[in-house]
Amino acid sequence: MAPEESSLDRMTKRSLIPVYTHDMIDIHVQRAGLSPYVHPTASSNENLVLGRTPGLSRHPAHPADPPIPRLKIYGYRICSELRAVAEKKMVLAACNHGNEHSGSWLLQGAVDFLLGDDKRAQQLRRHVEFFVYPSVNPEGRYIAVNRISLGAAPDPEGRNRFRGNPQLYIAGEADNNRVWNTDGRFTNIDIVKNAMKKDTGGKADYFWDLHDLHDPGNWRSPGGREAWESPYGRALRARGKDVVVAGLPEGHKPGLYRPGLPAHSGKLSEWAMLGEGLAAPYSFVYESGEYLQERLIQAGEDIVLALYDSLAS
Ligand SMILES: [Zn+2]
């Protein structure tokens, strides 16, 4: 039996994953925005900004806390033409958990491929409308990158977790991926949910919430068998042969599978499947393995290439 992995081993592995800072999200969106295939959504302005986080000003009782800036939350569309009517809609989201940098590399890999000259990218741009939300929890990323533990907004789960953001912590919540069933409580949740619904018209075909290190690298769906046996799910499995499907019977984490519509436990991937969300038949979560930058970019490309494979077959 393999010795149990210590929390120190996990921290070492995590430290090897290339950082993706909030500034890098800004730069990548600005660069993507130069492409003729990138357009604002119904909710974003010409700079592809949906809104800003609340930030946190200096607290007199906690003078050691740095102020947290108000950060941009982005949303944009990728398709061949501004007014193209595409047959399918895919949503890509990252930065749900602030400390999970890999998801941003995956998103960059998918977006850069879609904006490139590859013939398959051209076909995808013609037939699919992509809705991209690269910064669904930017304050979470900001405090994770800068290792900021705030006295005024302590993480209920303790130091070095960084799964929430200051506004959540003040409300006693620890995990940004358990509050997507709330309304009117958290700025980033409200901005992103309202935008996704308005932008897609309340209906997406495929949805991705891109996360981070989880050994082994895997993807999963709250939809269970219907998702992993769908043409897209099969194409994904064919492309990422070393990526396991979490939830398969007798496979990795078999208990994940729950027949029928998911109970809404506040996860973004579940909200996306619900009628009150995006009614997406196929909703997925990616948890990359111990991938470095090149492999992360390739895994992101596979997410959209598998869609090409399934639509072309
Ligand atoms: Zn996560």
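Just so it is clear: in the sequence shown, position 52 is 133 by this note's numbering, and no numbers are missing. Glycine is no exception: its CB is placed at the ideal position from the N, C-alpha and C atoms.
The closest heavy atom of ligand 1 lies less than 6 Å from the beta carbon of E181. F267 and G184 have their alpha carbons spaced roughly 22 Å apart.
Here Q189 is near H109, since their CB atoms are less than 7 Å apart. Here the alpha carbon of E371 sits roughly 7 Å from the alpha carbon of G298. By the Cβ rule, the stretch 141-148 counts as touching the stretch 224-244, because three or more pairs are nearer than 8 Å. With respect to L337, R301 sits close: the two C-beta atoms are nearer than 7 Å. By DSSP's assignment, N241 forms no beta bridge with any residue. Judged by their CB atoms, D293 and E375 are not nearer to each other than the 7 Å cut-off.
Rounded to the nearest whole angstrom, the C-alpha separation of N275 and A123 is 11 Å. For the pair D271 and I106, the Cα-to-Cα distance works out to about 20 Å. In the DSSP secondary-structure assignment, V209 is bridged to K169.
Beta-bridge annotation (DSSP): N258 is not paired with any residue. In the DSSP assignment, the residues bridged to R133 are K153. In this structure, the alpha-carbon of F243 lies about 34 Å from that of G197.
Between P235 and Y223 a beta carbon distance of about 16 Å is seen, past the 8 Å cut, so the two are scored as non-contacting.
Rounded to the nearest whole angstrom, the CA to CA distance from L317 to A361 is 17 Å.
Just measuring C-alpha positions, the residue of W289, A225, D104 and K200 sitting nearest F211 is W289.
Going by DSSP, D104 is part of the alpha helix (DSSP H) stretching over H103 to A113. A175 has L291 as its beta-bridge partners, per DSSP. The Cβ atoms of I159 and Y118 sit closer than 7 Å to each other. In the three-state reduction of the DSSP assignment, I270 falls in the helix class, which pools H, G and I. Taking 8 Å as the upper bound for CB-CB distance, G136 and Y214 are not in contact here, some 20 Å apart. When H103, R133 and L129 are compared, the shortest CA-CA separation from D280 is found for L129. C-alpha of N241 to C-alpha of R207: approximately 43 Å in a straight line. Contact between V385 and F194 is confirmed by a C-beta separation of about 6 Å, below the 8 Å threshold. The Cβ atoms of L349 and N218 do not sit closer than 7 Å to each other. Annotation: I98 to Q248 spans about 27 Å, alpha carbon to alpha carbon.
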